[in-house]
Amino acid sequence: MQRRLPMMGIRRIGDFAALSRAAVFEQWERHGCFCHDLALGIDPRPLKAHQPPPVLAGSLSFDEPVADRESLLAGAWRW
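Those letters in the sequence shown? Residues 1 to 79, by our numbering.
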């Protein structure tokens, strides 16, 4: 396909989309028709919902008040 497209004068996706479906099928059969549909903005595949990762939450407590930033950060990294 990569070799044939430039030989046919097709340089951009719009050039490919402008071809007739019959011409695409003749050159590349079913796979070419699928790519042609995608070039036209047609995708027959069903949409799949994206599942976001679970949200992790936690808390951090100290026995005594924290006097410096390094102690606070060290405690956070252990969590």
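Every residue gets a Cβ at the ideal spot worked out from N, C-alpha and C, and that includes glycine.
Find the nearest neighbour of P44 within the set E64, H36 and A22, judged by alpha-carbon distance.
Your numbering for residue 44 matches position 44 in the sequence shown. Among E64, H36 and A22, the Cα nearest to that of P44 belongs to H36.
Helix, strand or coil, according to DSSP, for F16 in the structure here?
Position 16 of the sequence shown, counting from 1, holds the residue named residue 16. DSSP places F16 in helix when its eight states are reduced to three.
Where does F16 land, buried or exposed, given buried means 16+ other C-beta within 10 angstroms?
For the purposes of this step, residue 16 is taken as residue 16 along the sequence shown, with counting starting at 1. By the 10 Å Cβ count, F16 comes out buried.
Excluding the 5 residues preceding and the 5 following V24 in the sequence, name in chain order all residues of the same chain whose CB lies nearer than 7 Å to its CB.
Counting from one through the sequence shown, the residue named residue 24 turns up at place 24. Result list for V24: G32, C33 and H36, in chain order.
Could you compute how far the alpha carbon of Q2 sits from the alpha carbon of P54?
Along the sequence shown, one-based indexing puts residue 2 at 2. Along the sequence shown, one-based indexing puts residue 54 at 54. Going from the Cα of Q2 to the Cα of P54 covers about 42 Å.
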